[in-house]
Amino acid sequence: MPFYPEHVREHFLNPRNVGEISGAEAVGNAGSFVCGALLRFTLQVDSATQRIADAKFKATGCGYLIASASLTTELIRGMKMGEAAALNEDEIMRELGCVPPYKSHCVALCREALHAAAVNYRQTTLEEWTGEEALICTCFGVSESRIETIIQSNSLRTVEQVTRACHAGAGCGSCQPLIQDILDDYWRTKDARV
Ligand code: FES
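Residue 189 in my numbering sits at position 187 of the sequence shown, with consecutive numbering throughout.
Put into structure tokens, the structure is as follows:
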């Protein structure tokens with residue numbers, strides 16, 4: 003099958019981690035309007051370490067999609083959810099070795115499905131969260147009080163600064179409006195006291 007580059011062919015013919023994890027903590031789906039391909043990741047997340055302990059995929063699509071998804075499940079094992087959500091297409095393409103531009107949407111589908119899984123993980127985690135502190139960023143397990151402390155001790159003004167300081171917001175990004183609210187509250191209260 004000379005049609006595919008070697009590493010792509012190897013993952014296509016021997017895909018890793020095919021299937022679905024029952025009771026997965028995170029599920030992410032994505033579909034392509036370009037070619038009609040579908041992809042689904044199911045992820046098991048270790049609650050103690052907040053790291054991805056297992057990842058499986060199901061896909062209907064071409065060899066590039068199968069190879070990208072197979073490789074992605076290997077890459078994200080051991081990552082925090084936020085690291086997986088932030089995995090970019092260039093990293094996947096680099097690992098695959100060679101992806102023609104007209105197939106880059108296959109790799110983009112992996113990134114979109116990971117992002118969807120991180121958002122799904124956030125929703126389920128927040129619903130089940132029983133900790134005393136409000137959890138803001140589920141991708142990196144950052145609480146509200148930690149963000150407040152970091153803002154206060156470093157006089158941070160923007161979400162980007164908070165993200166650089168503690169990673170909160172660097173994954174799926176769905177917590178960024180909450181980080182902005184915490185910043186607004188902090189500075190409104192502080193300015194009112196002056
Ligand atoms: S919840 Fe995903 S980046 Fe914070």
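Every residue, glycine too, gets a C-beta built ideally from N, C-alpha and C. In this text the structure is predicted, and so the values were computed from the model without any measurement.
With DSSP collapsed to three states, give me the class of M3.
Confidence at M3 is low in this model, with a pLDDT of 46, below 50, so its placement is unreliable and no value can be given for it.
Is R79 near ligand 1, going by C-beta to nearest heavy atom under 6 Å?
Incorrect: R79 has no Cβ contact closer than 6 Å to ligand 1.
Contacting residues, own chain, Cβ-Cβ under 8 Å from M95 (five flanking each side not counted):
Listed in chain order, the non-local C-beta contacts of M95 below 8 Å within the same chain comprise V101, S106 and V109, local neighbours out to five positions each way being set aside.
If L2 sits next to E91, beta carbons under 8 Å apart, how far is it from one beta carbon to the other, in whole angstroms?
The first residue shown for the chain is 3 and the last is 196, placing residue 2 beyond what the model contains.
With distance defined between alpha-carbon atoms, name the residue in G173, N156, G21 and S145 nearest to G133.
Here the closest residue by C-alpha is S145.
Does the Cβ of M3 have 16 or more other Cβ atoms within 10 Å, making it buried, or fewer, making it exposed?
Any reading at M3 must be qualified, since the residue scores a pLDDT of 46, below 50, and its modelled position is unreliable; the value itself is stated next. Exposed: under 16 other Cβ atoms inside 10 Å.
Just to check, is the beta-carbon of T140 closer than 6 Å to a non-hydrogen atom of ligand 1?
Under cutoff, so the answer is yes.
Contacts around Q52, its chain only, beta-carbon distance under 8 Å, and the 5 residues preceding and following it disregarded
Excluding its 5 nearest sequence neighbours in each direction, Q52 has C-beta neighbours in its own chain below 8 Å: K82, M83, F142 and G143, listed in chain order.
With the cut-off set at 7 Å, would you say A26 and L45 are in Cβ contact?
In this structure, A26 places its C-beta atom within 7 Å of the C-beta atom of L45.
Looking at the secondary structure, which residues open and close the beta strand (DSSP E) in which G84 lies?
For G84, no beta strand (DSSP E) segment is defined; the enclosing uninterrupted segment is the alpha helix (DSSP H) at M83 to A87.
Top-ranked residue by Cα proximity to A167, from F35, S157 and S176
Scanning F35, S157 and S176 for the CA closest to the CA of A167 turns up S157.
For the candidate residues V29, R195, G65 and A28, whose alpha-carbon lies nearest to that of A39?
Ranking V29, R195, G65 and A28 by Cα distance to A39 puts G65 first.
Applying the criterion that 16 or more other CB atoms from any shown protein chain within 10 Å of the CB defines a buried residue, is S49 buried or exposed?
Counting Cβ neighbours within 10 Å, S49 comes out exposed, since fewer than 16 surround it.
Taking the C-alpha atoms as reference points, what is the distance between S147 and R124?
Taking the straight line from one Cα to the other gives about 18 Å.
In whole angstroms, give me the CA-to-CA distance for A61 and E12.
Computed Cα separation, rounded: 17 Å.
Identify the continuous alpha helix (DSSP H) that holds I153 and give its terminal residues.
Counting along the chain, the alpha helix (DSSP H) containing I153 begins and ends at E146 to N156.
Measuring only from the beta carbon, is C174 closer than 6 Å to any heavy atom that is part of ligand 1?
Result yes, Cβ under 6 Å from ligand 1.
If you count every other CB in all the chains shown that lies within 10 Å of the CB of L111, and 16 or more means buried, which is it?
Around the Cβ of L111, a 10 Å sphere holds 16 or more other Cβ atoms; the residue is buried.
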